[in-house]
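These protein sequence lines are chains X and W, in that order.
Letter by letter, the first sequence follows residues 250 to 671 in this note's numbering.
Letter by letter, the second sequence follows residues 2 to 332 in this note's numbering.
For every residue, glycine included, the Cβ atom is placed at its ideal position computed from N, Cα and C.
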Amino acid sequence: MSLLIRQARVLDTQQNLDKVLDVYIADGKIAAMGDKLQQDAQHTLNAEGKLLVPGLTDLLGYLRQPGNAQKGTIESETKAAASAGFTTILPSPDTQPATDTTAVMELVQDRAEAAGFCDVACVAALTQGLESKHLSNIVGLSKAGAIAFSNAGRDITSNTILMRSYEYAATFGAKIFIQAQDAALANGHMHEGALATRLGLNGIPVIAETLSISRHLQFIEHTGVSAHFQQISSDKGVELIRDAKARGLDITADVDLAHLCYTEEQIQGYASQYHVQPPLRSEADRQALLAGVADGTLDAIVSAHQPHEAAAKCAPFADTAPGMAMYDTFMPLLLSLEGKADLTLSQLIDAVTTGATEAANLESPIIEEGAPAYLCLIDPDMQWQLNQDTQQSLGANQSLIDSTLTGRTVLTLRGGVVTWIN
Amino acid sequence: MTLSPSAQLQLTESGELRHFLTVDGLPRPLLERIIDTANSFVVVGNQEVKKVPLLRGKTVVNLFFENSTRTRSTFELAAKRLSADVLNLDIKTSATSKGESLLDTLRNLRAMHSDMFVVRHSQSGAPHFIAEQVTPNVAIINAGDGRHAHPTQAMLDMLTIHRHKGAFDQLKVAIVGDILHSRVARDQVHALATLGCKDIRLIGPNTLLPAEAASLGVTVYTDMDMGLEEVDVIIMLRLQTERMDSAFLPSASEYYQVYGLNRQRLAKAKPDAIVMHPGPINRGIEIESEVADGSQSLILDQVGYGIAIRMAVMSMAMSGQMQERQAAEVI
Chain X
250 MSLLIRQARV LDTQQNLDKV LDVYIADGKI AAMGDKLQQD AQHTLNAEGK LLVPGLTDLL
310 GYLRQPGNAQ KGTIESETKA AASAGFTTIL PSPDTQPATD TTAVMELVQD RAEAAGFCDV
370 ACVAALTQGL ESKHLSNIVG LSKAGAIAFS NAGRDITSNT ILMRSYEYAA TFGAKIFIQA
430 QDAALANGHM HEGALATRLG LNGIPVIAET LSISRHLQFI EHTGVSAHFQ QISSDKGVEL
490 IRDAKARGLD ITADVDLAHL CYTEEQIQGY ASQYHVQPPL RSEADRQALL AGVADGTLDA
550 IVSAHQPHEA AAKCAPFADT APGMAMYDTF MPLLLSLEGK ADLTLSQLID AVTTGATEAA
610 NLESPIIEEG APAYLCLIDP DMQWQLNQDT QQSLGANQSL IDSTLTGRTV LTLRGGVVTW
670 IN
Chain W
2 MTLSPSAQLQ LTESGELRHF LTVDGLPRPL LERIIDTANS FVVVGNQEVK KVPLLRGKTV
62 VNLFFENSTR TRSTFELAAK RLSADVLNLD IKTSATSKGE SLLDTLRNLR AMHSDMFVVR
122 HSQSGAPHFI AEQVTPNVAI INAGDGRHAH PTQAMLDMLT IHRHKGAFDQ LKVAIVGDIL
182 HSRVARDQVH ALATLGCKDI RLIGPNTLLP AEAASLGVTV YTDMDMGLEE VDVIIMLRLQ
242 TERMDSAFLP SASEYYQVYG LNRQRLAKAK PDAIVMHPGP INRGIEIESE VADGSQSLIL
302 DQVGYGIAIR MAVMSMAMSG QMQERQAAEV I
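Here it is as structure tokens:
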């Protein structure tokens, strides 16, 4: 197949490229780039006013298989990811069974490859069964393709086990992904503050996050392990990461998109769609997170896409499952952040492309002649309806279902293959 | 004026009560009407024939997911005095069947054409959830949810204050004890503020005060003697003994030493101050027996007012539901 994309604004932050260009794709590669290309393509796309960026990378998405196919399948959720423009996903190891053996990893990779929508780079479980007792086979899993290790949302409460797991990972240069929340203090359902008091819901104080970040930083410094923090949710959390980076620690960090867009206020009336972990916090926290992306303290923006079946959200608030389906709304929500806390479009795109790949030590898709065509074409002005017919994820927990959204990914290419077109 | 989400859920388009889930967000005239209506029902309790026919032919289901014989009995009595048919269901929630079983239970009950559910649940927001799932046509009365709200208890306290102290504007009211876990305290604060009370005080140690308590429009005191200075009303809260197990407090005796209401402390308040407690009281933990049984105590009066308040709220919510049903038929 050959395709000529005409007059797109090509934005690739790793090479400071921001220019209106024609891009010619043939044989799975970017065959030519320039102004007014004359190539004779099978398909020509007028992309005036549209944005062409490298295929997006998601450092945290829940694909639900194995174990929870009622919430989503690898096929359905990688398809939904492709519809947002993602070409690479790092699924959470929080599967059933946990992704702690090469067998589970291969299952995930094989299913994803068979579906054909996204590359999957596996983050394996740091401890067996995510139970924080025995280390996973870090060397064996690395050889089988694991690019990082994470204990997902499970806090390793034993300092001994935490220290040894980091020492062992550091021995073999394995990267650690951390979702820093103190298990005991995070035993609640929303941000601790005035609204939690009003609604009578158990609050999760900011210190649940800051205490845990500080603790992990101590072990990172002590063991020399390379680490990436996920889903920072608070002003003070951003500050701790900023200080640690300034001290020269080998760390990176991300924030999930929901925390950049929403605050605890969404929970008024016990809206269980907004029950997430870590919890949505205050407006001041949200502003600090936006500023953290703007100044590079937060390297990446992740989806933290967590599809659920309808019943998981249909109960009194505290009994509902945390998590939000994000892929269907990802692009319009991301674009809506332009100008917030002085964030530029280029910074936002960087956080889902190069910022993300560099944090995970992955090769970045690049828009240059000869490179494999991992591309995402975005129409920033398109108005569209998100409803049951247009949504791609199986998740029934969409925050903006039945509303009109602005901005949409119109084409995703993975190695020259169309994985999404609209 | 835009209504809060919970107010929208509780009121009909014309502003009548159709559910009673929390006092938070309800307008002052409505609270005053609840008090006035309840005042008229206080008399019914004193008559030889204690029944009025306002809920005749209606079915009220007491849906208690958490045990509370006292609260359930007062609701049952209130419904019977309104001539309703009453069904009591005690449903224990099990960890394995939460969520779905609640929804299934509701679907079954809806099929029985009940008119009103009185709901008690250990999760904050459960009656809210039920109101959203079951409407239209079934009135939901919150009989206490998690640590969120217990609006009939709060309103019976308002009735008590109103009958003994009159207008709320000039009153100083102190609420003492385990505010953090108290669904009653939250609704009391909302009710007092809405009814015009300008000096509301919460008294307790930091471990038993909710986050940003002052955001409720109150002054927070950790020193009980200071907090009781010149108050007109003292509301003591019940202390659950399990609080000692999770390090909220060291011991019942230390709690009594610092936050127990004894005669010396009561003397800090105005001489004609009234003492209230939602019951059942822990003598020698929250309150000295001499105070609980003393002339300033209204603890037993509150029980009687509780039936009147529940009659008022049930009849008002049913009338709101009937208006909605009739409006739906006209369309």
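Rounded separation between residue i and residue j - CA only
{"i": "ASN317 of chain X", "j": "GLU330 of chain W", "result": "45 Å"}
{"i": "ARG202 of chain W", "j": "GLU325 of chain W", "result": "39 Å"}
{"i": "VAL542 of chain X", "j": "LEU597 of chain X", "result": "8 Å"}
{"i": "GLN480 of chain X", "j": "GLN526 of chain X", "result": "9 Å"}
{"i": "ALA364 of chain X", "j": "THR668 of chain X", "result": "10 Å"}
{"i": "GLU67 of chain W", "j": "ASP146 of chain W", "result": "9 Å"}
{"i": "ALA140 of chain W", "j": "ALA318 of chain W", "result": "6 Å"}
{"i": "GLY604 of chain X", "j": "PRO581 of chain X", "result": "19 Å"}
{"i": "ALA620 of chain X", "j": "LEU260 of chain X", "result": "15 Å"}
{"i": "PRO315 of chain X", "j": "SER483 of chain X", "result": "32 Å"}
{"i": "LEU160 of chain W", "j": "GLN189 of chain W", "result": "11 Å"}
{"i": "ARG264 of chain W", "j": "SER5 of chain W", "result": "42 Å"}
{"i": "HIS440 of chain X", "j": "ALA432 of chain X", "result": "15 Å"}
{"i": "GLY58 of chain W", "j": "SER115 of chain W", "result": "10 Å"}
{"i": "ASP638 of chain X", "j": "ARG108 of chain W", "result": "28 Å"}
{"i": "ARG491 of chain X", "j": "THR459 of chain X", "result": "13 Å"}
{"i": "THR350 of chain X", "j": "GLU617 of chain X", "result": "37 Å"}
{"i": "THR322 of chain X", "j": "MET573 of chain X", "result": "15 Å"}
{"i": "ILE180 of chain W", "j": "GLN555 of chain X", "result": "35 Å"}
{"i": "ALA132 of chain W", "j": "GLN11 of chain W", "result": "9 Å"}
{"i": "VAL234 of chain W", "j": "ASP170 of chain W", "result": "13 Å"}
{"i": "GLU513 of chain X", "j": "GLY449 of chain X", "result": "14 Å"}
{"i": "SER84 of chain W", "j": "SER125 of chain W", "result": "30 Å"}
Partner residues on chain X for residue i, Cβ-Cβ distance less than 9 Å
{"i": "ASP105 of chain W", "result": "None at all; the shortest Cβ gap to chain X is about 10 Å."}
{"i": "LEU333 of chain W", "result": "Because chain W in this structure spans residues 2 to 332, residue 333 of chain W falls outside the shown range and cannot be described."}
Coil, strand or helix - residue i by DSSP
{"i": "PHE42 of chain W", "result": "helix"}
{"i": "TYR311 of chain X", "result": "coil"}
{"i": "GLY305 of chain W", "result": "helix"}
{"i": "LYS562 of chain X", "result": "helix"}
{"i": "PHE21 of chain W", "result": "strand"}
{"i": "TYR273 of chain X", "result": "strand"}
{"i": "PRO621 of chain X", "result": "strand"}
{"i": "ASN317 of chain X", "result": "coil"}
{"i": "HIS129 of chain W", "result": "helix"}
{"i": "LYS268 of chain X", "result": "strand"}
{"i": "SER95 of chain W", "result": "Bear in mind that the predicted position of SER95 of chain W carries a pLDDT of just 48, short of 50, making it too unreliable to give a figure here."}
Contact set between residue i and chain X, taken where Cβ atoms lie within less than 7 Å
{"i": "GLY147 of chain W", "result": "GLY449"}
{"i": "PHE76 of chain W", "result": "The contacting residues do not exist; PHE76 of chain W stays about 20 Å from chain X at best."}
Own chain partners of residue i with C-beta closer than 6 Å, once the 5 adjacent residues on each side are dropped
{"i": "ALA401 of chain X", "result": "SER341, PRO342, ASP343, LEU379"}
{"i": "SER475 of chain X", "result": "LYS424, ASP499"}
{"i": "LEU262 of chain W", "result": "MET237, ILE288, VAL292"}
{"i": "GLN263 of chain X", "result": "THR603, SER613"}
{"i": "ASN265 of chain X", "result": "none"}
{"i": "LEU584 of chain X", "result": "PRO629, GLY656"}
{"i": "SER325 of chain X", "result": "LEU643"}
{"i": "VAL659 of chain X", "result": "LEU626, ASP628, ASN671"}
Spatial neighbours of residue i in its chain, beta-carbon cut-off 8 Å, leaving aside the 5 residues before and after
{"i": "GLY394 of chain X", "result": "MET354, GLN358, ALA370, CYS371"}
{"i": "HIS383 of chain X", "result": "THR376, GLN377"}
{"i": "GLN632 of chain X", "result": "THR653, LEU654, THR655"}
Under 8 Å by beta carbon: chain X residues contacting residue i
{"i": "LEU90 of chain W", "result": "Chain X residues near LEU90 of chain W: none, gap ~17 Å exceeds 8 Å."}
{"i": "SER25 of chain W", "result": "Checking the displayed sequence, the identity of residue 25 of chain W turns out to be Asp instead of Ser. Under the 8 Å cutoff, chain X gives ARG447."}
{"i": "ARG187 of chain W", "result": "THR446, ARG447, GLY449"}
Any C-beta of chain A under 8 Å from that of residue i
{"i": "ALA212 of chain W", "result": "The chain inventory of the structure shown lacks chain A, comprising the protein chains X and W."}
Interface residues of chain W facing residue i [CB-CB closer than 9 Å]
{"i": "GLN517 of chain X", "result": "SER5, PRO6, SER7"}
{"i": "GLY452 of chain X", "result": "PRO211, ALA212"}
{"i": "PRO571 of chain X", "result": "Ordered by position in chain W, no residue passes the 9 Å Cβ test against PRO571 of chain X, which lies about 13 Å from the chain."}
Residues of its chain near residue i, where Cβ-Cβ distance is below 7 Å and the 5 sequence neighbours each way are ignored
{"i": "SER521 of chain X", "result": "LYS562, PHE566, THR569"}
{"i": "LYS269 of chain W", "result": "ASP226, LEU229, GLU230"}
> Are there three or more Cβ pairs, one per stretch, closer than 8 Å when the stretch 317 to 336 of chain X is compared with the stretch 648 to 664 of chain X?
Replying inline: yes
>> If contact is defined by three or more beta carbon pairs under 8 Å, each pair taking one atom from either stretch, is the stretch 268 to 286 of chain X in contact with the stretch 627 to 635 of chain X?
In response: no
> Does the count of Cβ pairs from the stretch 73 to 86 of chain W and the stretch 311 to 328 of chain W closer than 8 Å reach three?
Replying inline: yes
> Below 8 Å, can you find three or more Cβ-Cβ pairs linking the stretch 13 to 26 of chain W to the stretch 40 to 52 of chain W?
Replying inline: no
>> Between the stretch 180 to 195 of chain W and the stretch 222 to 232 of chain W, can you find at least three pairs of beta-carbon atoms closer than 8 Å?
In response: no
> Quick one: any contact between the stretch 587 to 601 of chain X and the stretch 151 to 159 of chain W, if contact means 3 or more CB pairs under 8 Å?
Replying inline: no
> Does the pairing of the stretch 200 to 215 of chain W with the stretch 440 to 449 of chain X give three or more beta-carbon distances under 8 Å?
Replying inline: yes
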